Amino acid sequence: MGKRNLSILDISLTSGGAEKVISLLLKELVNDYNVTLFLFYNKIHFDIPQEVNTIIFNDKGPDQRFYLKFFHSIGFLFKYNNYLRKEKIDYAVSFLAFPNLINGIASMLNPKIKMFVSERGFPSDNTTNRLSLFISKTFYPLLYNRCYKLFSNSVYINQDLKEHFSIKIPMAVIYNPIELPSNVVDPDKYKQPTKTLHIINVGSLNIRKNQSMILKSIARLGSEYNLTILGQGPLMETLRKMTIETKIQDVVSLLGNVKNVNDYLVKSDCFVLSSNTEGFPNALLEAMAAGLPSISTNCLSGPLELLNDNEAVEIPKGDFIKAKFGILVNNDDAEGLTQALRYLKTNPLELHRYSTLSIERAKEYELKSIYTQFNQFITD
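Be aware that the sequence shown starts at 1025, since it is given in my numbering, and climbs by one per residue.
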């Protein structure tokens, strides 16, 4: 029997977390399926295996006016539906809300195709205005429930979908995969006290990622701590001005987007995730895979699952707790982060312990292991 035909649908293949997951899964999918990648817009950051049949519906990028996107969506639906039939797709997988809604409509037109949707962010947090709330509350239950199954990257996402969006189709959690880097931190480097603790954060510079929390903490700590932030976003200038106003510009580097993120990780001593909310934090997982001890806000969703096996914790305000695989602090608690950073700097054996645990924990999310779960989910 020949390979079955599987497709993946997304807006584009930019440098986001969902797109990174797609790029990794494609590497394994081509071994078991005839794979078609459908993209609404022509913006591609990650490499696509040659075996993948890539079909792009619009030659322009996704940054277009709202009314154009609305009219495009009608054309996308017709094109997508035609290609599903032309390519004789057996399994159709979509990532992110808008492609998921398109997949839901297509499922009504193609009842023989097994349609899967993947929610990648915390749904209730994504309803930022009345229009998005109306769309989500109306069309998630209407169209997601038309599909065969749903998978996300957090138990909290699935719980939110069930309780607040009336999703009734079978749901599973499949965590984000990772390719383990060849270049990692040697945990033994932490056995000796360090004069300066080199801290790193990776992520888009926006309100949700809340890098200002780290800057507030650095301002309280002094010159024995320095910070590198990798990423671009609308708050770049705001954060830069904040470093000047708090007189920490000499110990903070805002480097924008870089391609060789792991090179910066392995030169650091500690990773900090300051997000107010996440789907599943790729940046945290990649830092752990590089061997970095990590501190994270206990935000929904992801960090508690990754750092403490999803066992609930109570964190005093202005303090931190030592979780199984890293340190957790409360959301937007600069004082708690300050205490956690001081603790790690003055306890090199804890840096060593968490570095070792980070590497071991990351192995559980290795690509082949996660792909096995994904493939079983698709074919069951």
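All C-beta atoms in this analysis are idealised placements derived from N, C-alpha and C, irrespective of residue type, glycine included.
Note that the structure is predicted; figures quoted are calculated from it, not measured.
Inset, instruction - Give me the Cα-Cα distance between Arg1264 and Val1226, rounded to the nearest whole angstrom. - result: The residue you call residue 1264 lines up with position 240 of the sequence shown. The residue you call residue 1226 lines up with position 202 of the sequence shown. For Arg1264 and Val1226, the gap between their C-alpha atoms comes out near 16 Å.
Inset, instruction - Starting from Asp1071, trace the beta strand (DSSP E) both ways and give me its first and last residue. - result: Locating residue 1071 in the sequence shown gives position 47, counting from the first residue. In the DSSP assignment, Asp1071 falls outside any beta strand (DSSP E), carrying neither H nor E.
Inset, instruction - Please list, in chain order, all residues of the same chain as Ile1345 whose beta carbon is under 6 Å from its beta carbon, the five residues on each side excluded. - result: Working through the sequence shown from its first residue, we reach residue 1345 at position 321. When the five nearest sequence neighbours on each side are left out, the beta carbons in the same chain lying within less than 6 Å of the beta carbon of Ile1345 are those of Val1337, Ile1339, Leu1352, in order along the chain.
Legend entry - Extent of the continuous alpha helix (DSSP H) to which Ala985 belongs: Past the boundaries of the shown model lies residue 985; the chain is included only from 1025 to 1404, so the question cannot be answered.
Inset, instruction - Determine contact between the region 1390 to 1398 and the region 1195 to 1207, defined as no fewer than three beta-carbon pairs at a distance below 8 Å. - result: Result yes; three or more Cβ-Cβ pairs closer than 8 Å.
Legend entry - At least 3 beta-carbon pairs within less than 8 Å: the region 1207 to 1216 vs the region 1230 to 1240: Short answer: they don't touch.
Inset, instruction - Taking Lys1161 as part of the alpha helix (DSSP H), name the residues at either end of that continuous run. - result: For this step, residue 1161 is matched to residue 137 along the sequence shown. Lys1161 -> alpha helix (DSSP H) spans 1154 to 1163.
Legend entry - Proximity winner among Pro1317, Asn1354, Asp1357, relative to Leu1373 (alpha-carbon distances): For this step, residue 1373 is matched to residue 349 along the sequence shown. Residue Pro1317 holds the alpha-carbon nearest to the alpha-carbon of Leu1373 among Pro1317, Asn1354, Asp1357.
Inset, instruction - My understanding is that Asn1082 touches Tyr1065, with C-beta atoms under 8 Å, so please give their C-beta distance in whole angstroms. - result: Sequence index remark: in the sequence shown, residue 1082 carries index 58 (1-based). Sequence index remark: in the sequence shown, residue 1065 carries index 41 (1-based). Indeed, because the Cβ distance is near 5 Å, the residues count as touching under 8 Å.
Inset, instruction - Rounded to whole angstroms, what's the CA-CA distance from Asp1056 to Arg1028? Just pull it up for me. - result: Along the sequence shown, one-based indexing puts residue 1056 at 32. Along the sequence shown, one-based indexing puts residue 1028 at 4. Spanning the two alpha carbons is a distance of roughly 8 Å.
Legend entry - 6 Å Cβ shell around Asp1114 - same chain, five flanking residues per side excluded: Against the sequence shown, residue 1114 aligns to sequence position 90. Arg1028, Asn1029, listed in sequence order.
Inset, instruction - Output the distance between the C-alpha atoms of Asn1127 and His1096, rounded to the nearest integer angstrom. - result: Start at 1 with the first residue of the sequence shown, and residue 1127 comes out as number 103. Start at 1 with the first residue of the sequence shown, and residue 1096 comes out as number 72. Going by C-alpha positions, Asn1127 is about 15 Å away from His1096.
Legend entry - Beta-carbon proximity of Asn1322 to Leu1328, cut-off 7 Å: Translated into positions along the sequence shown, residue 1322 becomes position 298. Translated into positions along the sequence shown, residue 1328 becomes position 304. Cβ atoms of Asn1322 and Leu1328: closer than 7 Å.
Inset, instruction - Round the Cβ separation of Ser1228 and Gly1255 to the nearest angstrom and send it over; I've been treating them as touching at under 8 Å. - result: Within the sequence shown, the letter at position 204 stands for residue 1228. Within the sequence shown, the letter at position 231 stands for residue 1255. Their Cβ separation, rounded to whole angstroms, is 5 Å, which keeps Ser1228 and Gly1255 in contact under 8 Å.
Inset, instruction - Assess, as a yes-or-no matter, whether the region 1068 to 1078 is touched by the region 1031 to 1048 under the definition of 3 or more beta carbon pairs within less than 8 Å. - result: Cβ pair count under 8 Å is three or more, so yes.
Inset, instruction - Ignore the nearest five residues each way along the sequence and tell me which others in Ile1193's own chain have a CB closer than 8 Å to its CB. - result: Start at 1 with the first residue of the sequence shown, and residue 1193 comes out as number 169. For Ile1193, where only same-chain residues beyond five positions count, the Cβ hits under 8 Å are Tyr1168, Asn1169, Cys1171, Tyr1172, Lys1173, Leu1174.
Legend entry - Classification of Gly1040 by the beta-carbon crowding that lies within 10 angstroms, buried from 16 upward: As a first step, residue 1040 must be located in the sequence shown, where it is residue number 16. Taking a 10 Å sphere around the C-beta of Gly1040, we find 16 or more other C-beta atoms and assign the residue as buried.
Legend entry - Proximity test, Cβ basis, 7 Å: Asp1114 and chain C: The chain inventory of the structure shown lacks chain C, comprising one protein chain alone.
Legend entry - Per DSSP, cross-strand counterpart(s) of Ser1452: An answer regarding residue 1452 cannot be provided, because it is not within the stretch 1025 to 1404 covered by the chain.
Inset, instruction - For the beta strand (DSSP E) containing Asn1225, list its first residue and its last residue. - result: Here residue 1225 is taken as the residue at index 201 of the sequence shown, counted from 1. Here the beta strand (DSSP E) through Asn1225 covers 1221 to 1226.
Inset, instruction - Starting from the Cα of Leu1297, find the closest Cα among Asp1333, Lys1283, Gly1360, Asp1287 and give me that residue. - result: For this step, residue 1297 is matched to residue 273 along the sequence shown. It is Gly1360 whose Cα lies nearest to the Cα of Leu1297.
Legend entry - Where Tyr1168 falls: helix, strand or coil (DSSP): As a first step, residue 1168 must be located in the sequence shown, where it is residue number 144. In this structure, DSSP gives Tyr1168 a helical state, which the three-state scheme calls helix.
Legend entry - Unbroken alpha helix (DSSP H) run spanning Phe1119, endpoints: Looking up residue 1119 in the sequence shown gives position 95. Careful: Phe1119 lies outside any alpha helix (DSSP H), inside the beta strand (DSSP E) at 1115 to 1119.
Inset, instruction - Under 8 Å by Cβ, that's how I've got Ala1243 and Ile1272 pegged, so tell me the actual separation to the nearest angstrom. - result: For this step, residue 1243 is matched to residue 219 along the sequence shown. For this step, residue 1272 is matched to residue 248 along the sequence shown. Sure, about 5 Å apart at Cβ, within 8 Å.
Inset, instruction - Alpha carbon to alpha carbon, how far is Asn1058 from Gly1257? Give it in angstroms, no decimals. - result: The count along the sequence shown starts at 1 and reaches residue 1257 at position 233. The count along the sequence shown starts at 1 and reaches residue 1058 at position 34. Cα to Cα, the separation comes out at about 37 Å.
Inset, instruction - Whole angstroms is fine: what's the gap from Thr1060's alpha carbon to Met1266's? - result: For the purposes of this step, residue 1060 is identified with residue 36 of the sequence shown, where counting begins at 1. For the purposes of this step, residue 1266 is identified with residue 242 of the sequence shown, where counting begins at 1. Cα-Cα distance, rounded: 46 Å.
Legend entry - Pair within 7 Å by beta-carbon distance, Ala1358 and Lys1240: To locate residue 1358, count along the sequence shown from 1; it is residue 334. To locate residue 1240, count along the sequence shown from 1; it is residue 216. Taking the C-beta atoms as reference points, Lys1240 is found nearer than 7 Å to Ala1358.
Inset, instruction - Please name the residue in Asn1134, Ser1160, Val1045, Ile1319 whose C-alpha comes closest to that of Leu1108. - result: Position 84 of the sequence shown, counted from the first residue, corresponds to residue 1108. Per the C-alpha coordinates, the member of Asn1134, Ser1160, Val1045, Ile1319 positioned closest to Leu1108 is Asn1134.
Inset, instruction - Return yes when the Cβ of Ser1178 is within less than 7 Å of the Cβ of Gly1326, no when it is not. - result: Taking the first residue of the sequence shown as 1, we reach residue 1326 at position 302. Taking the first residue of the sequence shown as 1, we reach residue 1178 at position 154. In this structure, Ser1178 lies closer than 7 Å to Gly1326 by Cβ.
Inset, instruction - Report yes if the CB atom of Ala1196 is closer than 7 Å to the CB atom of Phe1119, and no otherwise. - result: Position 172 of the sequence shown, counted from the start, is the residue given in the question as residue 1196. Position 95 of the sequence shown, counted from the start, is the residue given in the question as residue 1119. Going by C-beta atoms, Ala1196 is not nearer than 7 Å to Phe1119.
Inset, instruction - Output yes or no for whether 7 Å exceeds the beta carbon distance between Val1019 and Ser1247. - result: The first residue shown for the chain is 1025 and the last is 1404, placing residue 1019 beyond what the model contains.
Legend entry - Nearest to Arg1232 (by Cα), restricted to the options Ser1131, Ile1402, Gly1303: What you label residue 1232 is simply residue 208 of the sequence shown in a count that begins at 1. It is Gly1303 whose Cα lies nearest to the Cα of Arg1232.
Legend entry - Cut-off 8 Å between Cβ atoms - residues of its own chain near Ser1047, not counting five sequence neighbours on either side: Counting from one through the sequence shown, the residue named residue 1047 turns up at place 23. Take Ser1047, set aside five residues on each side of it, and the residues of its chain with a beta-carbon closer than 8 Å to its own are Leu1037, Phe1070, Asp1071, Ile1072, in chain order.
Inset, instruction - Can you tell me which of the three DSSP states Lys1103 falls into? - result: Looking up residue 1103 in the sequence shown gives position 79. Note: Lys1103 maps to helix in three-state DSSP.
Inset, instruction - Write down the C-beta distance between Pro1086 and Lys1110 rounded to the nearest angstrom, noting that I regard them as a contact closer than 8 Å. - result: Along the sequence shown, one-based indexing puts residue 1086 at 62. Along the sequence shown, one-based indexing puts residue 1110 at 86. In this structure Pro1086 does not touch Lys1110 by the C-beta definition: roughly 24 Å separates them, more than the 8 Å allowed.
Inset, instruction - Could you tell me which residues DSSP pairs with Gly1280 in its beta bridges? - result: Locating residue 1280 in the sequence shown gives position 256, counting from the first residue. For Gly1280, which the question treats as bridged, DSSP gives the partners Leu1254, Gly1255.
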